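Structure record follows, encoded as structure tokens.
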Amino acid sequence: MVASTLHAAAALLWGHSGAGGSDWDWFINLSASDYPLVTQDDLIHVFSKLPRDLNFIDHTSNIGWKEFQRAKPVIIDPGLYMKKKADVFWIPQRRSVPTAFKLFTGSAWMALSRSLVEYSIWGWDNLPRTVLMYYSNFISSPEGYFHTVVCNAEEFKNTTVNHDLHYISWDNPPKQHPHYLTMDDLDRMIASDAPFARKFHADEPVLDRIDAELLSRTTGATPARSSGTPASFSLAVAPCGCSGSSRRSCRRRSSTRGSASDGMLLLMPELPAV
-14 MVASTLHAAA ALLWGHSGAG GSDWDWFINL SASDYPLVTQ DDLIHVFSKL
36 PRDLNFIDHT SNIGWKEFQR AKPVIIDPGL YMKKKADVFW IPQRRSVPTA
86 FKLFTGSAWM ALSRSLVEYS IWGWDNLPRT VLMYYSNFIS SPEGYFHTVV
136 CNAEEFKNTT VNHDLHYISW DNPPKQHPHY LTMDDLDRMI ASDAPFARKF
186 HADEPVLDRI DAELLSRTTG ATPARSSGTP ASFSLAVAPC GCSGSSRRSC
236 RRRSSTRGSA SDGMLLLMPE LPAV
């Protein structure tokens, strides 16, 4: 999964035909089970007001049970060298937690700045490649690779927003996979102020409600223009060095048109009616 993400990001950087060329600022990874809760215009409007170096990535240095079940086991993933997908297999020996860099973990869904993507692809020091080699033997590497890179790189560790821009419904404590969202979750999705939500079944009726009420979208159309309804979502700015600390003390910057309270930063200003 990490290899596929890096390949897609490299295609964007190199401007391959159909890959969007070179005119972009953030790389947002989404799955077929994700769906937008705001229009493209609203999202572009918000990001146009933000510093271009911000990285929206849910992260923590408290890896908990993942140390024993993911960091220390050694696995071989045939998917890295075989044409067809195959199950990973486990090596009896176990390894120590790295000391050359600190492990971070979090959500597999993120919005990465162009500068971080360039660093991850081209790596003007050896950190991205070293971390990539480590995570090639790691279960669920998308939940750790970029988090570990950004939080160990001096140039980027203070550029993180500790949020994955998604509404996701988990069990408490979380299980391996989140719930599939239904009509019963619509009010919570709206109240979350997140720009994306997951997971959805392809034919879930709540998607039609989202189209009609949030995206003003007719059947078959692409959500684009703002509906005229003011849109907002709130995010906490938390540099990697502040993981586990009070978000109030970790707040690094604020929006000139937003408002911050209790460590939360309003990133999307109200939009005029169109």
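If you're matching positions, the sequence shown starts at -14 in the working numbering and goes up one per residue.
Even glycine gets a Cβ: it sits at the ideal position worked out from N, Cα and C.
These numbers come from a predicted model, not from an experiment.
Buried or exposed (CB count within 10 angstroms, at least 16 for buried), residue i
i, result
"residue 47", "exposed"
"residue 73", "exposed"
"residue 95", "buried"
"residue 194", "exposed"
"residue 168", "exposed"
"residue 97", "buried"
"residue 190", "exposed"
"residue 188", "exposed"
"residue 132", "buried"
"residue 179", "buried"
"residue 119", "buried"
"residue 91", "buried"
"residue 36", "exposed"
"residue 66", "exposed"
"residue 182", "buried"
"residue 56", "buried"
"residue 174", "buried"
"residue 162", "exposed"
"residue 84", "exposed"
Beta-bridge partners of residue i, as assigned by DSSP
i, result
"residue 98", "11"
"residue 182", "20, 152"
"residue 79", "58"
"residue 74", "61"
"residue 42", "95"
"residue 90", "45"
"residue -10", "Partner(s): none; residue -10 has no beta bridge."
Close Cβ partners of residue i (< 6 Å) along its chain, the five nearest in sequence each way excluded
i, result
"residue 177", "152"
"residue 122", "59, 60"
"residue 62", "73"
"residue 51", "90"
"residue 199", "22"
"residue 143", "224"
"residue 70", "64"
For residue i, the nearest candidate out of the options (CA to CA)
i, options, result
"residue 12", "140, 53, -5, 57", "-5"
"residue -8", "186, 201, 103", "103"
"residue 139", "101, 130, 125", "101"
"residue 109", "63, 85, 141", "141"
"residue 21", "158, 150, 156", "150"
"residue 134", "148, 117, 125, 124", "117"
"residue 201", "70, 27, 9", "27"
"residue 81", "71, 37, 69, 54", "54"
"residue -1", "182, 106, 160, 170", "106"
"residue 49", "29, 158, -12", "158"
"residue 171", "156, -14, 196, 160", "196"
"residue 43", "155, 160, 148", "148"
"residue 8", "99, 68, 155, 34", "99"
"residue 114", "32, 124, 130", "130"
"residue 15", "124, 33, -14", "-14"
"residue 192", "156, -12, -11, 17", "17"
Contacts around residue i, its chain only, beta-carbon distance under 7 Å, and the 5 residues preceding and following it disregarded
i, result
"residue 93", "127, 128"
"residue 165", "184, 185, 186"
"residue 78", "59"
"residue 137", "86, 87, 112"
"residue 75", "58, 60"
Close Cβ partners of residue i (< 8 Å) along its chain, the five nearest in sequence each way excluded
i, result
"residue 154", "163, 164, 166, 170, 173"
"residue 19", "94, 151, 181, 182, 183, 184, 185"
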